[in-house]
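Remarks on the structure that follows.
Number of protein chains: 2
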Amino acid sequence: MTADLDPQGAGSLLVRAMRGEPVAHRPVWFMRQAGRSLPEYRALRSAGGLLELCHDPALAAEVTMQPVRRHGVDAAILFSDIVFPLHAIGVGVEIRPGVGPVLDEPVRTRADLERLRPFEPDADAPELAEAVRLVRADLSVPVIGFAGAPFTVASYLVEGGPSKMQARTRALMLADPALWTALCERLADHAVTSLTAQVQAGAAAVQLFDSWAGSLSAERYEAQVLPVMRTLVERLRPLGVPVVSFALGGGHLLELLAAAGADVVGVDWRTPLSQARTRLGASVALQGNLDPAACLAGWEVARASADAVLADAPEHGHVFNLGHGVFPETDPGILTALVAHVHERTASPPIPAGAHVS
Amino acid sequence: MTADLDPQGAGSLLVRAMRGEPVAHRPVWFMRQAGRSLPEYRALRSAGGLLELCHDPALAAEVTMQPVRRHGVDAAILFSDIVFPLHAIGVGVEIRPGVGPVLDEPVRTRADLERLRPFEPDADAPELAEAVRLVRADLSVPVIGFAGAPFTVASYLVEGGPSKMQARTRALMLADPALWTALCERLADHAVTSLTAQVQAGAAAVQLFDSWAGSLSAERYEAQVLPVMRTLVERLRPLGVPVVSFALGGGHLLELLAAAGADVVGVDWRTPLSQARTRLGASVALQGNLDPAACLAGWEVARASADAVLADAPEHGHVFNLGHGVFPETDPGILTALVAHVHERTASPPIPAGAHVS
């Protein structure tokens with residue numbers, strides 16, 4: 213299948229940029245582009261809880277598509293939560309507004325681990341694939357599959373909810389490395405089965421969110437996370453789609469995210485893209501890294517900050533994104549304008565600086 | 213005055229190590245060594261709020277001395293809070309248990325800024341110096357003066373309280389750089405007057421806590437924090453004591469902390485001390501960097517982790533500490549044992565590995 217024949221897959225701007233191929237303009241999407249920054253989402257969410265929404269394929273698809281319709285981004289990402297597979301296998305967990313995922317009981321022992329059975333999307337949550345199919349049928353841009361990476365999901369299980377520092381998690385890793393590995397392997401299984409279902413339903417790329425891995429030293433990550441990540445990525449390889457790996461505050465871990473086999477490394481706003489390119493080489497694509505706070509500071513600041521990102525980014529192998537998720541208080545108009553601006557500024561042949569249309 | 217004549221000042225193990233001089237054994241103290249990890253503190257705290265405690269010189273001194281008596285650490289650090297000067301000048305702020313400092317009204321405009329008058333310790337809070345004098349009179353180890361660095365104090369003011377990401381703060385920096393600088397300069401004044409009072413009362417070193425500066429890119433820090441930090445450190449220079457600068461998650465900022473003039477850079481657990489030494493050179497001393505989570509994982513893990521820190525640390529110019537504050541749930545017995553262990557392992561002549569006494 214050639215590029216032109218598969219505009220929601222290998223032929224999309226997104227996947228071509230992720231493969232390091234030349235593209236007509238830089239693809240753009242925003243982490244957390246769906247959700248609380250959009251009034252149409254808030255209207256719809258008043259109906260019920262976040263995990264309930266994820267379990268309703270029509271609602272999940274609708275929320276996934278809202279930012280694509282509004283902003284004109286170059287990819288949808290399945291609206292979900294990293295604890296979705298846990299919820300789907302019956303683990304007691306809820307998303308508390310303003311807090312995050314809270315577990316009924318933390319997982320800290322071998323016995324606790326037994327509660328984490330495998331996640332079988334066909335049986336446990338067919339709505340996952342159904343939502344991807346609905347989005348694919350309705351949009352002309354690719355869909356990115358969504359999963360939490362084992363360290364971050366494990367941290368919620370061990371802490372019992374969000375934590376500032378993942379202290380108990382790091383303590384468990386040190387105190388009982390065998391239990392830690394067993395826990396991560398089980399969660400890696402969940403990510404593999406979840407992403408496999410999403411790709412089989414039409415997702416063109418997948419992203420592993422490792423939000424809290426930045427709390428680990430590189431030495432600890434290499435010893436106790438990298439092996440399970442490497443196996444996880446290997447198991448995704450036969451799906452034939454690019455794998456994106458992102459760790460907030462993970463500037464010191466970029467080489468290890470790449471070493472796990474990621475095709476694309478998400479870069480937060482604290483690591484210059486030019487530095488990431490130097491460290492990782494041109495065989496790894498980069499995604500990022502506008503400071504989402506710049507989108508709270510008015511259009512002029514947002515535009516100038518986006519231009520600085522583009523000036524620092526590699527010409528090939530770059531997907532424009534934020535360096536972290538959209539803040540809920542973001543004016544969605546700024547995001548819409550950013551998409552148009554990045555498209556214009558990176559159009560091939562590029563429009564010179566100072567001559568942009570808007 | 214020679215070293216031997218000033219065991220609470222320039223002759224102390226602490227200050228000598230901070231100056232890069234040879235010492236009989238590695239000095240040890242722990243960030244947040246006073247406070248909730250100690251039962252004697254919890255007993256005393258039941259009396260009232262944290263800021264009220266800081267305003268009572270006898271209580272503040274007592275709490276400051278508790279960990280020195282219990283653990284045998286080589287320094288006391290004045291028990292305080294980074295919002296103490298704000299509270300002392302009448303800004304509405306309270307420390308909510310489990311949350312942190314919460315402001316009655318955030319500071320986001322020029323008009324808000326007018327509420328931040330200078331902090332004059334002699335008039336506003338003579339108990340600050342009095343607490344230092346009481347500690348000095350009662351102990352034989354040096355006292356470290358305590359202050360928040362402008363970025364972090366500003367972030368509480370701008371956000372109105374603790375925040376995960378300091379998003380509004382970063383947005384304000386970008387949207388109104390002049391207001392940002394004015395705010396930081398006022399807070400730098402507070403730090404200077406507060407630390408000057410503490411040193412004049414006998415503190416032998418001072419530490420600037422920049423807990424949230426790690427949320428900035430190096431570029432942003434250099435442009436909008438470094439200038440004010442540089443001036444701040446210059447103004448402390450005549451006091452003649454070492455200045456320690458610490459930024460949690462600031463591995464990407466170490467060069468900039470040193471560029472501001474810090475004599476000692478605090479290193480969190482995510483940056484190896486050997487890497488910090490290579491990057492900063494031997495003219496800057498290092499403080500750190502045991503992962504405080506290792507102290508939650510039992511004695512064997514804590515000891516092995518401390519040994520790994522010592523193996524990675526420079527022989528001269530190193531103060532043993534955690535890479536972040538003591539977690540409240542830490543068994544204080546582990547901390548006491550760590551102090552003895554580090555002292556033994558670094559005693560001059562050093563005891564060979566595998567032959568330690570305990």
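Just so you know, the protein sequences line up as chains A and B, in that order. Under the working numbering, think of the first position of the first sequence as 213, with each following residue one higher. Under the working numbering, think of the first position of the second sequence as 213, with each following residue one higher. Glycine included, each C-beta is placed from N, C-alpha and C at the ideal position. Since the structure is predicted, the reported quantities are computational estimates derived from the model, not experimental observations.
Under the three-state DSSP convention, the category F539 (chain B) falls into: coil
Short-range partners of chain B found in the stretch 443–467 of chain A, where Cβ spacing is below 7 Å: Residues G461, G463 and H464.
Simplified DSSP state of R308 (chain B), which is helix, strand or coil: strand
From B:L522, B:A337 and B:A409, residue whose alpha carbon lies closest to that of F296 (chain B): B:A337
Cα-Cα separation, G452 (chain B) to L438 (chain B): 21 Å
Rounded separation between E274 (chain B) and L522 (chain B) - CA only: 31 Å
Per DSSP, cross-strand counterpart(s) of I294 (chain A): None; I294 (chain A) has no bridge partner.
Distance between A488 (chain B) and A471 (chain B) (C-alpha atoms, nearest Å): Cα to Cα, A471 (chain B) sits roughly 14 Å from A488 (chain B).
Inter-stretch contact (C-beta, 8 Å, three-pair minimum) for the stretch 391–410 of chain B and the stretch 352–369 of chain B: With the cut-off at 8 Å, the stretch 391–410 of chain B and the stretch 352–369 of chain B touch.
Alpha carbon of F421 (chain A) to alpha carbon of G537 (chain A), nearest angstrom: 11 Å
Residue-level contact to chain A via CB, P429 (chain B), 7 Å cutoff: One detail in the question is off: residue 429 (chain B) reads as Ser in this sequence, not Pro. S429 (chain B) has a beta carbon lying within less than 7 Å of a beta carbon in chain A.
Helix, strand or coil at P239 (chain B) [DSSP, three-state]: coil
Proximity test, Cβ basis, 7 Å: A425 (chain A) and chain B: no
Through-space distance from P389 (chain B) to C396 (chain B), alpha-carbon basis: Going by C-alpha positions, C396 (chain B) is about 10 Å away from P389 (chain B).
Segment contact, 8 Å Cβ cut-off, at least three pairs: the stretch 246–262 of chain B with the stretch 477–494 of chain B: no
Residue from B:E252, B:G414 and B:F242 with nearest C-alpha to G284 (chain B): Looking at the Cα atoms, B:F242 is the closest of the given residues.
For I301 (chain B) and G535 (chain A), the rounded distance between their alpha carbons: 38 Å
First through last residue of the alpha helix (DSSP H) which encompasses S406 (chain A): P389 to Q412
Meets three-Cβ-pair contact criterion under 8 Å: the stretch 304–322 of chain A and the stretch 346–354 of chain A: In this structure the stretch 304–322 of chain A does not lie against the stretch 346–354 of chain A, because fewer than three pairs of beta carbons, one per stretch, are closer than 8 Å.
Spatial distance of M385 (chain A) from L391 (chain A) (CA atoms): 8 Å
Chain B residues whose Cβ lies nearer than 7 Å to that of F185 (chain A): For chain A, the structure presents residues 213 to 570; residue 185 (chain A) sits outside this window and is missing.
Where the alpha helix (DSSP H) through Q278 (chain B) begins and ends: P269 to H283
Nonlocal neighbours in the same chain, by C-beta distance under 7 Å from A514 (chain B), ignoring five residues either side: A506, C507, I546 and L550
Which of helix, strand or coil DSSP assigns to Q436 (chain A): In this structure, DSSP gives Q436 (chain A) a helical state, which the three-state scheme calls helix.
One or two residues paired with A288 (chain B) in a DSSP bridge: B:V355
Alpha carbon of M230 (chain A) to alpha carbon of P504 (chain B), nearest angstrom: 38 Å
Closest residue to S457 (chain B) among B:A379, B:L315, B:A413 and B:T364 (Cα-Cα distance): It is B:T364.
Rounded straight-line distance, which links the Cα of P450 (chain A) to that of H464 (chain A): 29 Å
DSSP-derived helix/strand/coil call for S375 (chain A): coil
Residue-chain proximity (Q382 (chain A), chain B), Cβ-Cβ < 7 Å: Here residue 382 (chain A) turns out to be Arg, not Gln, going by the sequence shown. Closer than 7 Å to some Cβ of chain B, the Cβ of R382 (chain A) qualifies, so yes.
V476 (chain A) at chain B interface by Cβ criterion, 7 Å: no
V554 (chain A) beta carbon less than 7 Å from that of R238 (chain A): yes
Whether Q378 (chain A) touches S427 (chain A) by CB criterion (7 Å): yes
Within-7 Å CB hit, A505 (chain A) to chain B: yes
Sequence-distant residues of the same chain with beta carbon closer than 7 Å to T381 (chain B), five excluded per side: A366, S367, V370 and E371
Opposing strand residues paired with G500 (chain B) [DSSP bridges]: B:F532
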